[in-house]
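The next block holds one structure in the form of structure tokens; read it before the comments.
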Amino acid sequence: AQLVQSGAEVKKPGASVKVSCKASGYAFTGYHMHWVRQAPGQGLEWMGCFYPSSGDTIYAQNFQGRATLTRDMSINTAYMELSGLKFDDTAVYYCARDSQWLVRGSAFDLWGQGTVVTVSS
Amino acid sequence: QSALTQPASVSGSPGQSITISCTGTSSDVGGYNSVSWFQQHPGKVPKLIIYEVSNRPSGVSSRFSGSKSGNTASLTISGLQAEDEADYYCSSYTSRSTIFGGGTKLTVL
């Protein structure tokens, strides 16, 4: 099983970025997919998650209205779009699979390699 | 929701044991047995080392153990090794989110 994310992005303030996360080697629709970011030198920050089978999503308060999580089940790919980018959105963005079948938890057992998003004017 | 509280740093000598605490509230750590721990080496992807408070994924050393009392979870690493030097993060399920601790830098002296 693996998650492969799209490449690094450089964006201007106010723009949007869309990161993809292609899953393989497991049943994509059976596990919640989480998105986590890590600013340079900082800790992990949970952004939200969605359940591929139903499309149900949960967003962290900090990202409500600015982040959009979607998926394309035909190609086992999850997407995270973040709009209204600010300088402090510069971070590594990870997709991470929940370890539990069908159930949302706090254990992420499979991670993408990370996508560096740089917000710069 | 606020991040879980972890000490910024801990240290220990090879062979010793250390414990990292993770303090939350009854709405997160204290309310559910869904606390996890991650290890992250510099420039690397986080790795799950403990789930559901005290369970180890396959392949994780038995030197890592987890526990919980009330609103505080703990990660204990016994027989410290140089390779254990890394950042450690706890996480907890809540009814509407997942939250992380601020992270703890472990230095092996």
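Line order of the protein sequences matches chains P and C. Numbers given in this note's numbering equal positions in the first sequence, counted from 1, plus 1337. Numbering follows this note's numbering, with no gaps: position 97 of the second sequence is 94. Quick reminder that beta carbons are idealized off the backbone N, C-alpha and C, glycines included.
Cross-strand partners of residue i (DSSP beta bridge)
i, result
"Thr73 of chain C", "C:Thr16 and C:Ser62"
"Val57 of chain C", "According to DSSP, which records beta bridges pairwise, Val57 of chain C is partnered with nothing at all."
"Asp84 of chain C", "C:Gln37 and C:Lys102"
Residue i to residue j span [Cα, whole Å]
i, j, result
"Val42 of chain C", "Val1354 of chain P", "21 Å"
"Gly100 of chain C", "Lys1348 of chain P", "28 Å"
"Arg1374 of chain P", "Gln13 of chain C", "32 Å"
"Glu1346 of chain P", "Val1454 of chain P", "5 Å"
"Ala1428 of chain P", "Met1417 of chain P", "14 Å"
"Phe97 of chain C", "Ala0 of chain C", "6 Å"
"Glu1382 of chain P", "Cys87 of chain C", "11 Å"
"Gly1362 of chain P", "Asn1413 of chain P", "10 Å"
"Lys44 of chain C", "Ser75 of chain C", "18 Å"
"Thr1436 of chain P", "Ala1338 of chain P", "For clarity, residue 1436 of chain P is Ser in the given sequence; the question names Thr instead. Distance between the alpha carbons of Ser1436 of chain P and Ala1338 of chain P is about 12 Å."
Assumed close pair residue i, residue j - CB separation to whole angstroms, cut-off 8 Å
i, j, result
"Ile15 of chain C", "Val7 of chain C", "5 Å"
"Ala70 of chain C", "Val105 of chain C", "With 8 Å as the limit, Ala70 of chain C and Val105 of chain C do not qualify as a contact, their Cβ atoms being about 22 Å apart."
"Pro1389 of chain P", "Thr1366 of chain P", "5 Å"
"Met1467 of chain P", "Ala1415 of chain P", "Outside the shown range of chain P (1338 to 1458) lies residue 1467 of chain P, about which nothing can therefore be said."
Min CB distance residue i to chain C below 8 Å
i, result
"Leu1381 of chain P", "yes"
"Ile1412 of chain P", "no"
"Tyr1368 of chain P", "no"
"Asp1470 of chain P", "A question about residue 1470 of chain P goes unanswered here, because the residues of chain P that appear run from 1338 up to 1458."
Closer than 8 Å to chain P by CB, residue i
i, result
"Glu82 of chain C", "no"
"Phe61 of chain C", "no"
Open item on the list: I want to know whether the stretch 1437 to 1452 of chain P touches the stretch 1339 to 1350 of chain P - three or more CB-CB distances under 8 Å.
Closed with: At 8 Å Cβ cutoff, the stretches touch.
Open item on the list: For the pair the stretch 1438 to 1447 of chain P and the stretch 47 to 56 of chain C, tell me if three or more CB-CB distances fall below 8 Å.
Closed with: yes
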